[in-house]
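Numbering (my numbering), first residue to last: 33 to 608. Take a look at the structure set out below.
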């Protein structure tokens with residue numbers, strides 16, 4: 033846990049992290065002086081009627097109070113800076129790891145959101161506790177014990193009886209609370225998942241009248257979170273009251289026993305008051321320690337969950353530089369096998385070559401591995417056997433920036449980001465000029481509806497592009513992939529939501545814009561593929577047939593059936 037904190041605390045934040053506890057020691061020292069000075073006032077000032085001594089000691093008490101105030105405020109500033117800076121660095125690191133991870137079985141988005149937000153906040157609270165409470169409470173407690181023994185040694189055995197029992201009790205409570213906080217954090221993950229599904233699938237829920245079912249599911253998840261949160265709270269709820277009770281009983285015993293000693297003149301009134309005040313300080317420190325233990329318990333749980341994200345860095349790949357991008361744009365898969373689970377391959381012994389400047393079409397059954405094939409080519413996943421080359425170079429030897437500069441992909445899931453149309457179209461080419469944006473919109477047939485928007489390219493895009501239809505989002509998605517004019521363009525079922533007329537327009541314009549440029553088209557529509565120089569038929573993770581449109585009509589019953597179903601038996605079906 034502290035390894036994570038230190039790894040993300042640098043420069044000025046690290047200085048603040050170490051300086052804050054030292055400054056806090058000054059506040060603790062000032063607080064510990066007050067009971068002793070008060071005892072002096074009672075025993076040597078008021079008892080003897082020496083007002084000059086009383087004023088002298090009162091001035092010292094005021095000075096220590098002001099010095100403690102400055103030290104405490106400084107500690108708060110230093111601790112807050114270290115905490116916030118650590119949180120900022122940790123969140124950035126976790127997001128970078130999540131985005132760069134190449135593990136097929138990575139963490140789900142719902143749990144990543146919770147870990148990057150809630151768990152990091154818990155670790156920020158821990159840093160605040162370390163720099164302030166973790167120093168103040170233990171040192172105030174230890175200093176109170178030492179000063180109690182020095183000021184009133186006759187009453188010190190009261191502390192030696194109560195404190196060990198309380199410490200053992202605290203350790204037992206901490207051991208019981210840790211697994212309960214872990215279960216609570218897991219329930220927070222579940223709550224985020226259910227909320228995410230309900231909000232993103234609101235239209236589907238309404239269309240199927242699933243509101244009662246989803247409310248019941250949410251209620252069950254919410255009740256589980258409530259129960260686990262209560263169990264975690266109940267695991268530590270007795271700590272503060274028990275500490276308060278035991279130490280207050282200790283104060284009663286100290287007053288009774290100290291009073292009897294004072295009657296026999298073996299202890300002074302000032303010593304009794306000083307001892308009681310140190311007991312109160314010890315009580316405050318132990319209750320503060322309870323809060324620290326609660327935060328520490330949650331932080332330990334959160335640290336484990338944060339570490340689970342950071343471990344993904346072992347499979348993360350730095351973006352690197354696009355400078356080493358190969359000059360050629362040929363694509364080669366050489367005996368590639370891949371699966372999300374090693375025992376269940378999605379792609380099995382895939383081999384094919386796309387010569388420089390040619391078009392490749394890929395068609396197949398649902399779940400046959402078409403999208404996985406593109407994910408491997410763009411290094412979304414690296415855990416596969418065989419070799420994938422772009423321009424004759426193994427992609428695993430290329431920097432991610434080089435691969436992404438070379439290959440642009442438009443997927444079926446047309447993800448748009450809040451901003452404007454222009455900012456979305458320039459994601460792959462920040463320096464693109466107006467001519468490039470206009471050309472990209474034209475090729476994707478997005479110019480048609482953009483012309484109807486008053487703001488044109490400056491039109492706002494809401495989160496996930498929800499102010500555009502599914503077909504419009506897909507056309508903007510295609511335009512975004514076309515604008516950079518990459519050497520290799522991949523369209524993964526990117527026109528599934530557009531009508532046949534619009535689809536035909538997009539295909540015609542693509543053929544004009546991408547003539548003699550390496551292009552890969554994945555589609556369930558035969559019309560999108562029939563002009564490719566080669567078409568692959570994927571079934572069950574294997575290439576079952578390959579060839580031109582005309583060749584596949586003869587050798588692939590599966591392909592011939594698709595053509596018959598979609599195009600009928602006319603001249604379009606046999607046109608190569």
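Backbone N, C-alpha and C fix where the C-beta goes; we use that ideal spot for every residue, glycine too. These numbers come from a predicted model, not from an experiment.
Residue 378 sits in coil when the DSSP states are folded into three classes, being neither helix nor strand.
Counting only unbroken stretches of 4 or more residues, the alpha helix (DSSP H) elements lying wholly within the segment 256-311 are 271-295, in sequence order. Residue environment for residue 399: exposed (fewer than 16 other C-beta atoms within 10 angstroms of its C-beta).
Under DSSP, no beta-bridge partner is assigned to residue 201. Secondary structure at residue 427: helix, using DSSP grouped into helix, strand and coil.
Per DSSP, residue 392 lies in no alpha helix (DSSP H); the unbroken beta strand (DSSP E) holding it starts and ends at 391-396.
In the structure shown, residue 561 adopts coil according to DSSP, grouped into three states.
Within the segment 212-253, complete beta strand (DSSP E) segments of at least 3 residues are not found at all.
Residue 175 sits in a helix when the DSSP states are folded into three classes.
For residue 332, the CB contacts under 7 Å within the same chain, skipping 5 residues up- and downstream, are 33, 210 in chain order. At the C-beta level, residue 273 and residue 167 stay beyond 8 Å of one another.
Excluding five sequence positions before and after residue 337, the CB atoms of its chain that fall closer than 7 Å to its own CB belong to 147, 151, 217, given in chain order.
Going by DSSP, residue 449 is part of no beta strand (DSSP E) at all; its letter is neither H nor E. C-alpha of residue 63 to C-alpha of residue 169: approximately 12 Å in a straight line.
Beyond the five residues adjoining it in sequence on each side, residue 551 comes within less than 6 Å, by CB distance, of 391, 521 in the same chain, given in chain order. Each of 227, 483, 119 was checked against the Cα of residue 154, and the nearest Cα belongs to 119.
Annotation: residue 552 is outside any alpha helix (DSSP H); the continuous beta strand (DSSP E) that includes it extends over 550-554. Annotated three-state conformation of residue 187 is coil, per DSSP. Between the segment 318-329 and the segment 275-283 there are three or more inter-stretch CB-CB distances shorter than 8 Å, so the stretches are counted as touching. For residue 479, the three-state secondary structure derived from DSSP is helix. By the neighbour-count definition (other C-beta atoms within 10 Å, threshold 16), residue 159 is a buried residue. According to the DSSP secondary-structure assignment, residue 440 is paired through a beta bridge with 521. With fewer than 16 other beta carbons inside 10 angstroms of its own, residue 189 counts as exposed. Counting along the chain, residue 530 sits inside no alpha helix (DSSP H), nor does DSSP assign it H or E at all. DSSP places residue 500 outside both helix and strand once states are collapsed to three, so it counts as coil. In chain order, 222, 223, 226 place their CB closer than 6 Å to the CB of residue 253, counting only its own chain and leaving out the 5 sequence neighbours on each side. Residue environment: residue 404 is assigned as buried (16 or more neighbouring CB atoms within 10 Å of its CB, all protein chains considered). For residue 44, the enclosing alpha helix (DSSP H) has its first and last residue at 43-72.
Taking the C-beta atoms as reference points, residue 493 is found nearer than 8 Å to residue 450. Residue state for residue 98 is assigned as helix, using DSSP reduced to three classes. Taking 8 Å as the cut-off, the Cβ atoms of residue 359 and residue 423 count as close.
Here residue 117 is actually not in contact with residue 299; their C-beta atoms are around 50 Å apart, not less than 8 Å.
In this structure, residue 388 keeps its C-beta atom at 8 Å or more from the C-beta atom of residue 367. DSSP places residue 384 in the strand class (E or B) of the three-state scheme.
Judged by pairs of C-beta atoms under 8 Å, the segment 534-547 touches the segment 555-572, as three or more such pairs exist. Three or more beta-carbon pairs drawn from the segment 522-532 and the segment 493-513 are found closer than 8 Å, and the two stretches are therefore classed as touching.
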